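Chains as they are written, first to last, in my numbering: chain A, 9 to 399; chain B, 9 to 399; chain C, 20 to 352; chain D, 20 to 352.
For each residue, glycine too, the CB sits at the ideal point set by N, CA and C.
Keep in mind that this is a model prediction, so the values were computed, not measured.
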Amino acid sequence: MDLTEPAELAAFRGEAREWLRSHVPGTPLPSLDTEAGFAAHREWELEMYDARWGVVTWPAQYGGRDAGLLEWLVFEEEYWGAGAPVRVSQNGIFLLAPTIFEYGTDAQKERFLTPMAKAEEVWAQGWSEPGAGSDLASLRSKAERVPADASGAGGGWRLSGQKTWSTRAVFADWMFGLFRSDPDSERHRGLTYFLVPLSADGVTVRPIRQLDGEPGFAEVFFDSVFVPDEHVLGGVGEGWKVAMATTTSERGLTLRSPGRFMAAADRLVELYATTRATDPGAAAAARGDVAQAWMDADAYRLYVLGTALKALGGESIGAESSANKLFWSQLDVALHETALAMLGERATLEADPVAGPWLDGYEFSLAGPIYAGTNEVQRNVVAERVLGLPR
Amino acid sequence: MDLTEPAELAAFRGEAREWLRSHVPGTPLPSLDTEAGFAAHREWELEMYDARWGVVTWPAQYGGRDAGLLEWLVFEEEYWGAGAPVRVSQNGIFLLAPTIFEYGTDAQKERFLTPMAKAEEVWAQGWSEPGAGSDLASLRSKAERVPADASGAGGGWRLSGQKTWSTRAVFADWMFGLFRSDPDSERHRGLTYFLVPLSADGVTVRPIRQLDGEPGFAEVFFDSVFVPDEHVLGGVGEGWKVAMATTTSERGLTLRSPGRFMAAADRLVELYATTRATDPGAAAAARGDVAQAWMDADAYRLYVLGTALKALGGESIGAESSANKLFWSQLDVALHETALAMLGERATLEADPVAGPWLDGYEFSLAGPIYAGTNEVQRNVVAERVLGLPR
Amino acid sequence: MRLAPDADALEFGASVRELLSDVADAAALRVAWDDPAGRIPGVWQRLAEAGVLGLTVPEEYGGSGADLTSLLPVLVEVGRAALPEPVVETLVGAKLLAEAGGEVAEDWLPRVVAGEAVVAVQLGPGDLVSAAPWADLLLVPDHAGVLCAVPRDEAVIVATTSVDGGVRLATVDVPGGAGYALGGVHIDAAFDAAVVAVAAQQTGLAEAMVAMAVGYAKTREQFGAVIGSFQAIKHQLADAYVANAFAAPVVARAAWSVAQDSPTRSRDASHAKYAATVAAQRAARTALQVHAGIGYTFEHDLHMWMKRTWTLSSLWGTKDWHRERVAQAVLER
Amino acid sequence: MRLAPDADALEFGASVRELLSDVADAAALRVAWDDPAGRIPGVWQRLAEAGVLGLTVPEEYGGSGADLTSLLPVLVEVGRAALPEPVVETLVGAKLLAEAGGEVAEDWLPRVVAGEAVVAVQLGPGDLVSAAPWADLLLVPDHAGVLCAVPRDEAVIVATTSVDGGVRLATVDVPGGAGYALGGVHIDAAFDAAVVAVAAQQTGLAEAMVAMAVGYAKTREQFGAVIGSFQAIKHQLADAYVANAFAAPVVARAAWSVAQDSPTRSRDASHAKYAATVAAQRAARTALQVHAGIGYTFEHDLHMWMKRTWTLSSLWGTKDWHRERVAQAVLER
């Protein structure tokens with residue numbers, strides 16, 4: 009066992025902390041769910057990209073630092089600890105990029121990665137459909153073959169159908185998602201992974217206001233939208249396999265970095281301290297829950313670190329990602345419920361400088377047990393794949 | 009709304025309290041799971057019967073007081089509040105008797121009720137089988153017809169099979185239970201409700217030591233045990249319907265009277281007071297849980313009172329009994345966990361005068377979510393019968 | 020004995036339920052949420068005509084002088100409808116005015132009964148006054164802590180925005196000399212009455228959210244079956260139902276204790292708010308989890324019920340505050 | 020970096036697992052439970068031969084002088100087997116003797132390593148000394164609070180009975196002048212080491228109980244299907260698994276903090292005991308509910324694992340005590 013941070017890692021941490029300290033906006037950026045806020049977040053991504061802090065895990069040739077898992081965890085700790093903005097590019101850089109690196113052609117890498125990293129092109133997800141939520145394999149949006157002309161050019165697909173719960177889609181430029189390319193196929197078969205410009209003819213984006221009233225996600229309608237063959241990621245009909253790479257990473261280490269919860273837990277500890285002065289009774293009642301929330305955030309940090317070290321040791325990460333999602337989504341809700349309990353009558357005041365951010369955080373935390381596979385589905389996965397119980 | 013206790017009810021309460029104060033054994037009786045303890049509990053029942061406190065809800069002609077639901081609730085509050093012994097006869101007087109009153113012949117009433125009330129004959133239950141627990145309808149113990157002789161006498165049934173989790177059976181005299189009288193029947197059909205003397209030829213009782221190491225229940229084996237027709241309760245093949253009367257009351261109001269939990273909650277409050285003196289930290293940590301346990305016991309008392317008043321008002325009590333069982337079984341476990349938390353290192357000392365009884369109570373509480381239909385089954389019942397969700 | 024409101028009270032509650040489903044359905048609620056005023060036009064008048072606003076007003080002032088136990092069914096319906104109207108505040112305020120009697124009562128109570136005046140009250144812990152921005156008359160403590168009746172134009176009302184578009188919260192300051200000091204009022208009893216009234220609303224909210232989730236679970240299909248057929252959904256909903264089923268009688272008993280001014284009045288009121296808050300919060304969490312994505316949207320109605328749950332949980336004393344008040348009564352006795 | 024014991028420590032743990040499944044299976048446990056001595060004949064000697072008892076003893080005394088991180092796999096196995104042997108007490112006691120050095124160490128440590136002497140220790144909160152009735156040497160505070168090494172015949176040992184037939188608890192009194200005062204010992208560090216060692220045992224217990232329940236759920240049929248196919252069972256077991264999966268790295272980190280005598284040593288040790296206690300208690304409740312009736316019997320093995328869970332939860336500081344110690348460290352900083 010050895011938990012001493014290696015010198016290089018500590019140096020990396022110091023460099024990141026230093027840069028963040030001097031560059032993180034002093035005042036929070038406007039909401040990502042507004043046009044102005046979205047633009048401001050793009051600028052922040054560009055600023056990070058230029059300093060090579062935007063995509064630290066990517067190869068240097070694409071603006072990264074070839075950072076390993078540990079550096080990534082360290083960077084995330086520093087990033088959230090510094091109170092830096094949410095990542096407008098996260099769908100692309102954390103979810104799509106790993107898939108492109110694994111399945112993309114050289115042309116696709118050249119075409120998509122750098123604009124993605126610069127947030128010139130922001131990506132939305134196209135997984136869920138009105139009839140396919142937890143049961144993603146039941147999706148029905150279809151892709152019809154468009155043959156190439158005599159010269160062999162113009163070959164591609166026409167996409168039709170509807171996607172929903174597409175985060176960031178309101179202001180995003182591109183979407184990645186699954187479509188049924190074999191009309192006779194069922195479930196996981198006959199699906200293909202497409203990259204679609206949201207500016208294409210036939211694409212309609214309808215914003216959906218989420219719990220907080222902001223258009224955090226959208227429905228996206230496809231009315232026979234043409235996509236050339238170059239925008240198929242991985243093989244035709246291979247969509248499910250290709251997508252799993254993404255959803256695995258989505259549910260796994262890169263979906264929710266521990267740094268986020270440690271930062272929230274530290275803020276909770278500060279709230280406890282101030283509450284103890286203003287409302288000792290509320291603080292006393294919450295004391296145990298505050299300690300528990302802090303411990304859970306710390307436990308999550310350690311679990312992810314342990315998993316990362318295993319992965320670096322060559323072990324494969326499997327259903328850990330489901331256990332992972334169950335744990336962080338529950339700790340996030342409990343942590344925010346504890347904060348709201350201490351805030352007392354101020355808990356729902358969205359304009360209150362103290363309560364407002366906690367309320368936003370609570371609303372955001374409530375999505376945790378739902379998206380990226382509901383916790384009910386995750387429990388099935390743990391029971392069946394980890395414990396070996398029958399389907 | 010009117011929650012004032014009527015004068016007659018208050019008088020009844022006073023009379024019960026007075027009698028219990030002067031008759032409840034000063035020192036606890038030896039364990040019901042020992043031969044001596046069982047005998048001592050029989051004597052206590054007889055003493056209560058002689059004073060007409062044994063079966064207050066029964067008609068006077070059988071030694072009762074024709075007491076209504078409210079008197080019964082009041083009596084139970086006083087009984088447990090006085091720290092009186094557990095009821096060795098409870099299977100009979102609370103579970104079987106209501107069924108006999110509803111379905112029994114006059115001869116059966118004459119034959120069985122008085123010895124039951126005097127605890128001269130203690131009854132065990134014969135529901136579960138090794139293969140039929142939560143899924144009671146899958147029971148396989150069978151009853152084969154024995155035709156009457158030419159004179160019309162000697163008609164009856166031969167019982168074969170095995171029953172298990174039969175509480176009190178080790179020292180009990182009789183068993184009531186279900187047997188499959190139609191070999192071609194399935195599930196709920198073709199069952200008959202029998203009354204069987206455990207002294208009959210072919211009956212073997214094998215004690216099962218429960219969690220606390222005591223033989224609290226038993227397996228009972230039937231090797232073609234003859235039972236005359238007079239010992240069939242209700243119609244042949246009507247067993248399920250007849251049994252439901254019992255299991256409904258079992259899960260309903262009479263299984264766990266609120267008085268029990270109020271008494272336990274009051275003891276918990278006392279434990280909190282003493283703990284605050286000896287281990288302030290433990291008391292402080294448990295303070296919220298103690299208040300919650302007391303509130304839950306009080307809520308259970310009110311819910312049962314409300315249900316009883318509804319029943320008296322002519323409304324039918326249905327799946328309330330499942331909600332009931334979920335609530336009391338969970339509050340009982342939580343209440344005892346809170347006590348053990350305050351007892352700290354003494355929690356597992358079975359000989360400790362303070363900790364011992366709490367430990368016994370905890371072990372007993374752990375059976376709550378399991379017997380009389382597991383809580384998983386109860387949640388299905390609530391979801392399907394109360395909320396109308398599909399099977 | 021009876022642990023339920025009387026038949027006529029239940030009947031009255033049923034009629035109010037009908038009225039509200041008529042004039043204050045989810046669509047009307049949305050309009051109110053988007054409206055700066057935050058109320059449903061006309062509903063207040065309809066409540067007055069139905070006699071709701073005079074429930075706590077003695078007959079001499081044109082009301083029906085009912086006690087809290089008779090109000091329960093109406094309050095449950097106000098909760099079930101997630102109604103954005105100051106019913107509890109006005110009913111509790113009217114009772115205080117009647118206790119004070121005299122000119123202030125004669126001036127205001129008939130207008131309250133007629134639906135021409137909204138009353139807001141500041142009682143118990145906390146600085147926020149619910150419904151103050153809507154109020155024509157505020158019953159708030161002056162700097163000396165004496166409860167005063169203050170017409171809105173004499174008070175300094177600083178409104179703040181809640182995530183719940185159906186409530187209006189504010190801090191209220193009473194300039195020296197403003198208002199009219201109220202004598203002979205039972206402030207603690209009024210607070211307990213408000214607490215129980217809110218608890219009743221919470222049980223109505225919980226019922227509504229469980230019903231919404233059950234309805235959705237019966238129709239939404241995934242994996243080739245309605246999700247209501249999955250144990251994971253069934254058991255969550257069963258637990259939510261049970262929590263609320265056991266809160267209801269606690270609330271009823273508390274109403275009785277308040278009506279009787281029983282020695283356990285405050286303990287019972289706090290027990291009611293605690294139990295009803297736990298039940299409503301559980302119902303909200305469960306309903307959201309069952310609805311999943313669709314429940315997380317602003318388009319779906321659920322969020323209005325959830326947010327009402329959040330505000331009622333945070334106002335009139337949190338569940339921790341009330342649990343501690345019960346602990347004081349039970350453990351320090 | 021590495022958040023897991025080294026390969027050789029894991030290998031050693033595996034060998035101990037094999038040894039215990041061999042000489043200390045459930046059948047052997049039952050014999051020990053029914054035996055007044057409460058131990059499994061021969062196992063202590065086998066543990067000595069395997070080198071387990073010398074793990075914390077410096078090489079100069081014939082041990083291997085390993086640190087706590089290397090002990091983890093063995094301790095998890097001791098938990099998985101619900102072993103009724105004073106492993107933790109003896110290992111922690113040996114470390115203290117080595118710190119004291121001198122004659123007492125020379126006298127006792129070789130005998131400990133050889134499996135000829137059991138050591139019990141009284142550290143931290145509480146009056147009960149675990150394993151005292153089995154101990155040849157007791158490390159307990161005298162009336163002045165100084166930790167002393169007291170041979171069993173010089174101590175007054177009052178044994179008490181636990182529901183857990185695999186432990187022996189007692190209060191120990193040291194008559195004036197008895198025993199040998201230990202200098203240079205790190206009592207607080209030793210307590211934290213014991214706490215983490217117990218937490219490691221608890222994770223082993225939890226793993227064993229979840230495994231038992233999973234095994235049963237795969238074979239037990241009701242309603243025409245194995246109960247492990249029902250979501251109600253699956254989800255309970257998944258939650259129990261997750262709780263323990265997240266406790267394990269917390270325990271590992273705490274072992275490192277103890278081994279390094281890090282400034283967060285006590286906080287991390289308490290976090291470990293808290294998390295492992297919650298996980299083990301959850302596993303016990305879940306395993307019982309999944310087994311239902313059969314799990315409630317003395318004939319079934321489960322109860323021995325449940326009761327060990329109860330004793331380890333109550334000894335070496337309860338989860339409330341440890342949570343408060345974490346709160347002190349995190350909230351009062």
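Residue i - partner residues in DSSP beta bridges
{"i": "Tyr201 (chain A)", "result": "A:Leu186 and A:Leu241"}
{"i": "Trp66 (chain A)", "result": "For Trp66 (chain A), which the question treats as bridged, DSSP gives no partner whatsoever."}
{"i": "Leu134 (chain B)", "result": "Looking at the sequence shown, residue 134 (chain B) is not Leu but Gly. According to DSSP, Gly134 (chain B) bridges with B:Gly185."}
{"i": "Ile216 (chain A)", "result": "A:Phe225"}
{"i": "Leu300 (chain C)", "result": "For the sequence presented, residue 300 (chain C) should be read as Gln rather than Leu. Per DSSP, none; premise fails for Gln300 (chain C)."}
Environment of residue i [buried if 16+ CB atoms lie within 10 Å]
{"i": "Met252 (chain B)", "result": "exposed"}
{"i": "Leu320 (chain A)", "result": "exposed"}
{"i": "His49 (chain A)", "result": "buried"}
{"i": "Tyr293 (chain C)", "result": "buried"}
{"i": "Pro353 (chain D)", "result": "Shown here, chain D extends from 20 to 352; a query on residue 353 (chain D) therefore has no answer."}
{"i": "Gln50 (chain D)", "result": "Reading off the sequence, residue 50 (chain D) comes out as Val, not Gln. Flag for Val50 (chain D) reads exposed."}
{"i": "His290 (chain C)", "result": "buried"}
{"i": "Gly160 (chain B)", "result": "exposed"}
{"i": "Gly314 (chain A)", "result": "buried"}
{"i": "Thr35 (chain B)", "result": "exposed"}
{"i": "Ser193 (chain A)", "result": "exposed"}
Reduced DSSP category for residue i - H, G, I as helix; E, B as strand; rest coil
{"i": "Arg327 (chain D)", "result": "helix"}
{"i": "Val345 (chain D)", "result": "helix"}
{"i": "Arg166 (chain B)", "result": "strand"}
{"i": "Ile70 (chain C)", "result": "According to the sequence displayed, residue 70 (chain C) carries Gly and not Ile. Here Gly70 (chain C) sits in coil by DSSP."}
{"i": "Gly198 (chain C)", "result": "coil"}
{"i": "Leu357 (chain A)", "result": "strand"}
{"i": "Ser159 (chain B)", "result": "coil"}
{"i": "Ala139 (chain D)", "result": "strand"}
{"i": "Gln279 (chain C)", "result": "coil"}
{"i": "Leu147 (chain B)", "result": "coil"}
{"i": "Ala92 (chain B)", "result": "coil"}
{"i": "Glu258 (chain B)", "result": "Any reading at Glu258 (chain B) needs caution, since the residue's pLDDT is 43, under 50, leaving its predicted position unreliable; the model's value is listed next. Helix, per DSSP."}
{"i": "Arg130 (chain C)", "result": "helix"}
{"i": "Arg73 (chain B)", "result": "coil"}
{"i": "Lys126 (chain A)", "result": "coil"}
TODO: Decide yes or no for the touch test of the region 323-343 of chain A against the region 365-375 of chain A: beta carbon pairs closer than 8 Å, at least 3 of them.
DONE: Contact holds: three or more Cβ-Cβ distances are below 8 Å.
- [ ] Count the CB pairs spanning the region 201-217 of chain C and the region 248-266 of chain C that are closer than 8 Å, and state whether there are at least three.
- [x] Segments in contact, no.
Task: Stretch-stretch touch, CB-based, cutoff 8 Å, three pairs: the region 205-225 of chain B with the region 175-185 of chain B - done: By the Cβ criterion, the region 205-225 of chain B is in contact with the region 175-185 of chain B, since at least three pairs of Cβ atoms, one from each stretch, lie closer than 8 Å.
Task: Inter-stretch contact (C-beta, 8 Å, three-pair minimum) for the region 237-250 of chain A and the region 272-288 of chain A - done: Contact between the region 237-250 of chain A and the region 272-288 of chain A is absent: fewer than three C-beta pairs spanning the two stretches fall below 8 Å.
- [ ] Any chance you could list the alpha helix (DSSP H) runs of at least 4 consecutive residues sitting entirely within the region 27-101 of chain D, in chain order?
- [x] For the region 27-101 of chain D, the continuous alpha helix (DSSP H) assignments of 4+ residues that do not extend past its boundaries occur at 45-53, 62-69 and 87-99, in sequence order.
Task: Residues of the region 257-276 of chain D with Cβ closer than 9 Å to any Cβ of chain E, in chain order - done: Given the protein chain composition of this structure (A, B, C and D), no chain E is represented.
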